[in-house]
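Written below as structure tokens is the structure these notes are about.
Number of protein chains: 2
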Amino acid sequence: MARPSDSAPRKHKVTVVGSGNWGTTVAKLVAENTQEHPDIFEEDVQMWVYEENVTIPSDSPHHAAAGDQPRKLTEVINTYHENVKYLPKIPLPPNVVANPSLVDAVKDSSILIFNLPHEFIGNVCKQIKGHILPYARGISCIKGVTVTEDKVELICDYIGETLGIYCGALSGANIANEIANELWCETTIAYNTPPCDQRGKDGENGANGDHYRDSRGQISKTQLTPVPQEYPPLEHDVLYKLFNRPYFTVSMVSDVVGVSLAGALKNIVALACGFIEGHGWNMTAKTAVMRRGMLETIQFCQEFFPETVKEMTFWESAGWSDMIVSCTSARNWRYSKMAVERGVSLQEIERTELNGQKLQGISTTKEVMSFLKARGVQDKYPLFKAVEGIVDGTFEVKDIPVLFRHQ
Amino acid sequence: MARPSDSAPRKHKVTVVGSGNWGTTVAKLVAENTQEHPDIFEEDVQMWVYEENVTIPSDSPHHAAAGDQPRKLTEVINTYHENVKYLPKIPLPPNVVANPSLVDAVKDSSILIFNLPHEFIGNVCKQIKGHILPYARGISCIKGVTVTEDKVELICDYIGETLGIYCGALSGANIANEIANELWCETTIAYNTPPCDQRGKDGENGANGDHYRDSRGQISKTQLTPVPQEYPPLEHDVLYKLFNRPYFTVSMVSDVVGVSLAGALKNIVALACGFIEGHGWNMTAKTAVMRRGMLETIQFCQEFFPETVKEMTFWESAGWSDMIVSCTSARNWRYSKMAVERGVSLQEIERTELNGQKLQGISTTKEVMSFLKARGVQDKYPLFKAVEGIVDGTFEVKDIPVLFRHQ
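From first to last, the protein sequence lines are chains S and D.
For the first sequence, position 272 matches number 272 in full-length UniProt numbering, and the numbering has no gaps at all.
For the second sequence, position 323 matches number 323 in full-length UniProt numbering, and the numbering has no gaps at all.
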């Protein structure tokens, strides 16, 4: 089992993998906290940046000094403490250290925060596998799950199993720019501390890093290396101190499945709410659809993950709050509303408004429905089914209320 | 026990007590259903109207016929099938029968629907006591509860105990004018069918109308007279048929306490949301406050009504949907937002904007806090407490996030 050579107390080193608008925002708040808790964390926070050349905008205060020459983004961030490309005008703490080398950025870090677009995570995990501490732990800020006919895989489980570590999830009603500007909101962190990391406890079936129960309540393939005793215990309290800010209120839960699925299935419901409003119904109808969508979300979790899901999870920020915000202001909602208002298909909207970019809600809907159909239970999810029908043009928005008739 | 003289099948006669904008809307939809279910209900629906003289507006299609002379409101409703004063331009089914006599309107009715302002219910119950069928049953569309230092009394329990009958509650994210215009929404009906009315069952401690367990799970003072066998059984299915419309989707539950308290406590949360938005925070902060407010609502119900409250009730339309709509478009929210934006007190807003009319959220807040303080548990309800503090000027809106710091 990997152990530090000396047994002197050690601090957690933190790396944020990703530096987009949300990744940089998380790096900012985490770096503020490592400064406030020097006893627990190393002050410097590594942030992996996909290197590119940027020109500092002429309206930037740094333009005078930097000039018009293209500069490396990492160099700009480390010199001016601002991510001029992805989070302009937000001063970053100087202890956010931009690093263009993925492998170097994660080296020796005991806490890895994954915050980059869904589609890049596979490649990133491949590159860092074998280059991280065997006892590192992860937090995924990437919402959602991968659903196929065969299975539902949480992104944090995918990360954990690929890297041979434990990985939790952060999700909530969060808008990066608001948080970067320190406008108050809440979030939820789901982290089911592995038994081998629980101090002063008899880690039931895993005290020595044996296979533990994963998010699905099943015995994980992964054999964990416990976090060495020299580190502050990597449990809820330490993660709370790493993420909670006066403007970013954290709730800690253990239900990783509920948090992850709520963050994914809400996209189906957001499409439904856009359809409803596009059709001319008001807030009362929209809340009815949000409510039904949440009930189907809870039902989905309880049907397929009965061992681990807790109903109270859906009252967390990652549950109802994120549902409301996603159904009120997010992309899936906006463009599905537009489609109905214009009387065109969502595919048409993707072409004309999103230059062919895909709406996540559509793929989530199709994936979830294929999973349900493979089990013959799609009729137990009338709203999800209707959204697929509307996307396919086989169901009409005006018929949504019919779904909710008394059986 | 009162029984009809003959034992021929009988139908339920329905009376709506109240004829304001919401009362008339409910009379309309109920009358549509009595027409559709002539086997269960008498077609005519009595609607008690507080008599007054009205002049038909010149833009009304009935003006030509009616002229400028003041006419009795009941006569106008029964002639033109429109409540020109409280629900103008909405055609009512001809089987809505306006009746100026309260006692005559409730005579022989087995289903009484109470739908009038909170403050009139006491007087109305006094007047009809002894003039209703001993086996009548009630549905209260009046939201809320009466809270004093000593106790929390549900309006439907007050009605039931005053009249010696059982009374349930209808509550949801409902806007009368939208429903009158047949814009789709949902509602919740809470009705805990008394054992003595349950057909083909051995009514546990109440088969013969003995004292039954009331909403608080306590043995009720009321000795019920069972609904005679000649009537269709007055259970969930019959109430569903009476209220559900294609544009008004009904969910039936048994948790009268949860539904009633959610409908009352939401007013405290609506004030908080107004404060938050008035202060300049956005949707993400508002959902955080709604969420915390709902958690305190659930906690309140579970602390004081543990026997009967079910957590799933708060996912009903009367729970989360009504909370969202109340915190997005209702009076308490609108005026508390205005108060913070203008930097004045709510009392000042009541004076200048509401001609001294009171905001219900303020009295609900003070009543609930006095109940909590009398039990020394007010600190377990930080949001409710903060709202009282803001109303009193002893707490600042900007400090709301501080309430939610980790303990």
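Backbone N, C-alpha and C define an ideal beta-carbon position, used for all residues, glycine too.
Check                                                                                                           : Outcome
Residue-level contact to chain D via CB, Ile139 (chain S), 8 Å cutoff                                           : no
Contact residues within the region 323 to 338 of chain S, judged by C-beta distance below 7 Å to chain D        : Ile324, Val325, Thr328 and Ser329
Three-state secondary structure (DSSP) of Arg291 (chain D)                                                      : helix
Three-state class that DSSP yields for Thr225 (chain D) in the structure shown                                  : coil
Rounded separation between Glu396 (chain D) and Thr352 (chain D) - CA only                                      : 22 Å
Min CB distance Ser363 (chain D) to chain S below 8 Å                                                           : no
Between the CA atoms of Val97 (chain D) and Val289 (chain S) - distance to the nearest angstrom                 : 35 Å
Sequence ranges, alpha helix (DSSP H) only - wholly within the region 113 to 183 of chain D, length at least 4  : 121 to 128, 155 to 163 and 176 to 180
Lys107 (chain D) - DSSP class collapsed to helix/strand/coil                                                    : coil
Ser109 (chain D): contacting residues in chain S (beta-carbon distance under 7 Å)                               : The premise fails here: Ser109 (chain D) is roughly 24 Å from chain S at the closest Cβ pair, so nothing lies under 7 Å.
Residue from S:Pro306, S:Ala264 and S:Pro246 with nearest C-alpha to Glu36 (chain S)                            : S:Pro246
As assigned by DSSP and simplified to three states, the class of Ile362 (chain S)                               : helix
Contact list for the region 153 to 175 of chain S against chain D, Cβ threshold 7 Å                             : Ala173, Asn174 and Ile175
Buried or exposed (CB count within 10 angstroms, at least 16 for buried), Leu154 (chain D)                      : buried
CB of Asn174 (chain D) within 8 Å of CB of Thr187 (chain D), strictly                                           : yes
Leu112 (chain S) and Val106 (chain S) closer than 8 Å at C-beta                                                 : yes
Option nearest Asn181 (chain S) by Cα separation, candidates S:Pro306, S:Pro88, S:Arg342 and S:Tyr381           : S:Pro88
Any C-beta of chain S under 8 Å from that of Glu277 (chain D)                                                   : no
Interface residues of chain S facing Glu311 (chain D) [CB-CB closer than 7 Å]                                   : Glu311
8 Å Cβ cutoff, Pro232 (chain S) in contact with chain D                                                         : no
Chain S within 8 Å of Phe404 (chain D), Cβ atoms only                                                           : yes
Residues of the region 280 to 295 of chain S whose Cβ lies closer than 9 Å to any Cβ of chain D, in chain order : Gly280, Trp281, Asn282, Met283, Thr284, Ala285, Lys286, Thr287, Ala288, Met290, Arg291, Arg292, Met294 and Leu295
Phe275 (chain S) (DSSP reduced to helix, strand or coil)                                                        : helix
Presumed contact (8 Å Cβ cut-off) between Gly361 (chain S) and Leu234 (chain S), rounded CB distance            : Incorrect: roughly 35 Å between the Cβ atoms, too far for contact.
Distance between beta carbons of Val269 (chain S) and Cys327 (chain S), contact taken as under 8 Å              : 6 Å
Cβ distance (whole Å) where Val325 (chain D) is taken to contact Met312 (chain S) below 8 Å                     : With a Cβ gap of about 23 Å, Val325 (chain D) and Met312 (chain S) do not count as contacting.
For residue 409 (chain S), three-class secondary structure by DSSP                                              : Limits of chain S in this structure are 1 at one end and 407 at the other, which puts residue 409 (chain S) out of reach.
Strand pairing of residue 453 (chain D), partner residues [DSSP]                                                : No answer is possible for residue 453 (chain D): it lies beyond the span of chain D, which begins at 1 and ends at 407.
Simplified DSSP state of Glu42 (chain D), which is helix, strand or coil                                        : strand
Residues near Thr46 (chain S) in its chain [Cβ-Cβ closer than 6 Å; skip 5 each side]                            : Inspection of the sequence shows that residue 46 (chain S) is occupied by Gln rather than by Thr. Excluding residues within five positions, the ones whose Cβ falls inside 6 Å are Thr15, Val97, Asn99 and Ala105.
Chain S contact for Ser317 (chain D) (CB, 8 Å cutoff)                                                           : yes
Which of helix, strand or coil DSSP assigns to Thr15 (chain D)                                                  : strand
Contact with chain S by Trp22 (chain D), beta-carbon distance below 8 Å                                         : no
Beta-bridge pairing of Val97 (chain S) - partner residues as DSSP gives them                                    : S:Gln46
Minimum C-alpha distance to Ile128 (chain S) - residue among S:Cys196, S:Trp22 and S:Gly160                     : S:Gly160
Alpha-carbon spacing of Leu359 (chain S) relative to Tyr191 (chain S), whole angstroms                          : 29 Å
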